[in-house]
Amino acid sequence: MTSLDRPLLFIGGEWVPPASPETIPVENPATEQIIARVPAGTSEDVDRAVAAATKAFDGWAGRSMADRGAVLDRLHASLAARAGDIARTVGLELGTPLKIAKAVQAGLPLTVLRGYADLAVRPSPDETIGNSLIVHEPVGVVGAITPWNYPLHQVVAKVAAALAAGCTVVLKPSELTPLVAYLLVDAAAEAGVPAGVLNLVTGTGPVVGAAIAGHPGVDMVSFTGSTATGRAITHAAADRIAKVALELGGKSANVILEDADVVKAVKVGVGNAFLNSGQTCTAWTRMLVHRSHYDEAVELAAKTAGGYTVGDPFDEGTRLGPLVSAAQRDRVRGFVDRSRARLVAGGPDAPLPGRGHFVAPTVFADVAPDSELAQEEIFGPVLSIIPFADDDEAVAIANNSRYGLAGGVWGSDERALAVARRMRTGAVDVNGGAFNPFAPFGGYKQSGVGRELGEYGLTEFQQVKAIQR
585 MTSLDRPLLF IGGEWVPPAS PETIPVENPA TEQIIARVPA GTSEDVDRAV AAATKAFDGW
645 AGRSMADRGA VLDRLHASLA ARAGDIARTV GLELGTPLKI AKAVQAGLPL TVLRGYADLA
705 VRPSPDETIG NSLIVHEPVG VVGAITPWNY PLHQVVAKVA AALAAGCTVV LKPSELTPLV
765 AYLLVDAAAE AGVPAGVLNL VTGTGPVVGA AIAGHPGVDM VSFTGSTATG RAITHAAADR
825 IAKVALELGG KSANVILEDA DVVKAVKVGV GNAFLNSGQT CTAWTRMLVH RSHYDEAVEL
885 AAKTAGGYTV GDPFDEGTRL GPLVSAAQRD RVRGFVDRSR ARLVAGGPDA PLPGRGHFVA
945 PTVFADVAPD SELAQEEIFG PVLSIIPFAD DDEAVAIANN SRYGLAGGVW GSDERALAVA
1005 RRMRTGAVDV NGGAFNPFAP FGGYKQSGVG RELGEYGLTE FQQVKAIQR
């Protein structure tokens, strides 16, 4: 046993033993050491959690939204008091450099939670259409299945919205990074979230995730992760016509137009692509550059990548931590090894720490738009640079993807905005526009169905009813 071991599940407002004695090891990807173990939940555990969520639903849904917002306000205070522990825990189980972990892995979910607490205490007035009163009601019991790359943010984006809407939740965090979810549940218990409103079942996707997705007592499944898994969850939920919200993969384009500030666009673009060691669904992994700036951009991107120090997440000088697992490291290295594009930074021979699941920050130039490197979501610190001749070709290349989650455009405001409007993607940043955690977030095409964050995220967890008078 280690001090980080979490041997219990949280069901019905209590810490309870799992149905099976089997556990899942949690690894520190920077050291390859096992730092904790959590229960390998079973379908029996899911049954208990769904029963608890069902029992709690009427009482929670029957509260006013303002009352639920007050509970979220207390949850925010409890979770904020754990911000240091959150950053440290994510640093240990994911390998995010501590500075980034504090700002993003701990700071962003607190901002999102604050937003839902505020939104709930200011509910929208009733709407009328003719003789109809339009009301919004909670969808029911929600199964939330979350990924490893932003392990608390992705949980809060679902749980806070669902709770504000009046739903109860069965949460399955990723088995690779489950520890930070326990901090959320600790905070929820301290904040007085009623028994059964939030339940935690750890375990693998094929067991716990599948049990949640196919459970007849789960009214909605909210999933963030790979497109392949999202497809399987959709099939499982379809058998009972359950609602599904999916936030899936991405292969986002960063378009640098002829009249752009090339230096800023490239530096910001490299930083975006390498954030969280490239393990970000919105990462701008395709840098599209007008031919008049292409050579300059390639040289600058290579130089910028070379400044990313790889190493211990708890070393203040580290800018790039490890990938989450050996399997993910090997997958990313496979893309690098197979590529026949021009390597300008990093690559398989770049020096790396002796232990840990590291991949060097890598940049390829002259990447063909239809190649594997430009089409597949690599989910590692690998950037592809592609030239284009004019705005029409830039848009065509940007849209040449089965994904459509995010993107960026750089150029004169009017021109950049015109290109952004033509990009088939759920979000576009123009000239470095900051991420807005209260704006709708989600994708086109195989990047998902539905939206998270802000009011749009709240309505995902609601049904709409018309009452005629």
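For the sequence shown, our numbering assigns the number 585 to the initial residue and increments by one for each residue that follows. No residue lacks a Cβ here, since even glycine has one placed at the ideal position from N, Cα and C.
State the start and end residues of the unbroken beta strand (DSSP E) segment that holds residue i.
i	result
residue 647	Premise fails: residue 647 is in no beta strand (DSSP E) and is neither H nor E.
residue 900	Run containing residue 900: none; DSSP gives neither H nor E here.
residue 598	598-600
residue 782	782-784
What is the residue span of the alpha helix (DSSP H) that residue i lies within?
i	result
residue 887	878-890
residue 1001	997-1006
residue 767	763-775
residue 977	975-982
Going by DSSP, what residues sit across from residue i in a beta bridge?
i	result
residue 683	Paired residue(s): none; residue 683 is not in a bridge.
residue 987	1029
residue 992	838, 1013
residue 1046	722
residue 593	600
residue 894	904
residue 1036	1025
residue 1052	716
So residue i and residue j are supposed to be a Cβ contact under 8 Å. How far apart are they, rounded?
i	j	result
residue 786	residue 622	4 Å
residue 1083	residue 982	In this structure the chain extends from 585 to 1053, so residue 1083 is not present and cannot be described.
residue 685	residue 674	5 Å
residue 904	residue 888	12 Å between Cβ atoms; not a contact.
residue 951	residue 964	Going by Cβ atoms, the distance from residue 951 to residue 964 rounds to 15 Å, so no, they are not a contact pair.
residue 873	residue 881	4 Å
residue 771	residue 666	6 Å
residue 948	residue 957	6 Å
residue 871	residue 855	That pair is no contact at about 12 Å.
residue 760	residue 732	4 Å
residue 538	residue 986	As displayed, the chain neither begins before 585 nor continues past 1053, which places residue 538 out of reach and without an answer.
residue 692	residue 660	Contact doesn't hold; Cβ gap of about 13 Å is too wide.
residue 620	residue 589	5 Å
residue 603	residue 783	Not a contact, Cβ separation roughly 14 Å.
residue 739	residue 694	That belief does not hold up - the Cβ atoms of residue 739 and residue 694 are roughly 12 Å apart, past 8 Å.
residue 929	residue 718	Contact doesn't hold; Cβ gap of about 55 Å is too wide.
residue 765	residue 800	25 Å between Cβ atoms; not a contact.
Can we count residue i as close to the ligand ATP, meaning its CB is less than 7 Å from some heavy atom?
i	result
residue 750	This structure simply doesn't include the ligand ATP, nor any ligand for that matter.
(message) At 3 residues or longer, what runs of the beta strand (DSSP E) sit wholly inside the segment 699-754?
(response) Runs of the beta strand (DSSP E) inside the segment 699-754: 711-713, 716-722, 725-729.
(request) Can you check the segment 792-872 for any alpha helix (DSSP H) of at least 4 residues that lies completely inside it and give the ranges in chain order? (result) The qualifying runs are 794-797, 811-822, 846-858.
(request) Could you pull out every unbroken alpha helix (DSSP H) segment of at least 4 residues lying fully inside the segment 917-973, listed in chain order? (result) The segment 917-973 is shown to contain whole alpha helix (DSSP H) runs of 4 or more residues at 956-959, in chain order.
(request) Within the segment 607-685, note down every full alpha helix (DSSP H) run reaching 4 residues or more, in order along the chain. (result) The segment 607-685 contains these whole alpha helix (DSSP H) runs: 627-645, 649-664, 667-677.
(message) With three or more C-beta pairs closer than 8 Å as the rule, is the segment 623-639 touching the segment 792-802?
(response) Touching, yes.
(message) Can you confirm whether the segment 650-667 touches the segment 696-710 when touching is taken to mean that 3 or more C-beta pairs between the two stretches lie within less than 8 Å?
(response) Yes: the two stretches touch, three or more of their Cβ pairs being nearer than 8 Å.
(request) Specify whether the segment 765-779 and the segment 986-995 touch according to this definition: at least 3 beta carbon pairs, one from each stretch, less than 8 Å apart. (result) Not touching, per the Cβ criterion.
(message) Taking 8 Å as the cut-off, does the segment 1021-1036 touch the segment 825-834 (at least 3 CB pairs, one atom from each stretch)?
(response) These segments touch.
(request) Could you say if the segment 965-976 and the segment 858-874 meet the contact criterion of at least three C-beta pairs nearer than 8 Å? (result) Yes, the segment 965-976 touches the segment 858-874.
(message) With a threshold of 8 Å, are at least 3 pairs of Cβ atoms found where one atom belongs to the segment 713-729 and the other to the segment 742-754?
(response) Three or more Cβ pairs drawn from the segment 713-729 and the segment 742-754 lie within less than 8 Å of each other, which places the two stretches in contact.
(request) Could you say if the segment 842-849 and the segment 934-943 meet the contact criterion of at least three C-beta pairs nearer than 8 Å? (result) Taking a cut-off of 8 Å for Cβ pairs, the segment 842-849 and the segment 934-943 do not touch, as fewer than three such pairs fall below it.
(message) Does the contact criterion of 3 or more C-beta pairs under 8 Å hold for the segment 998-1010 versus the segment 1041-1052?
(response) No, the segment 998-1010 is not in contact with the segment 1041-1052.
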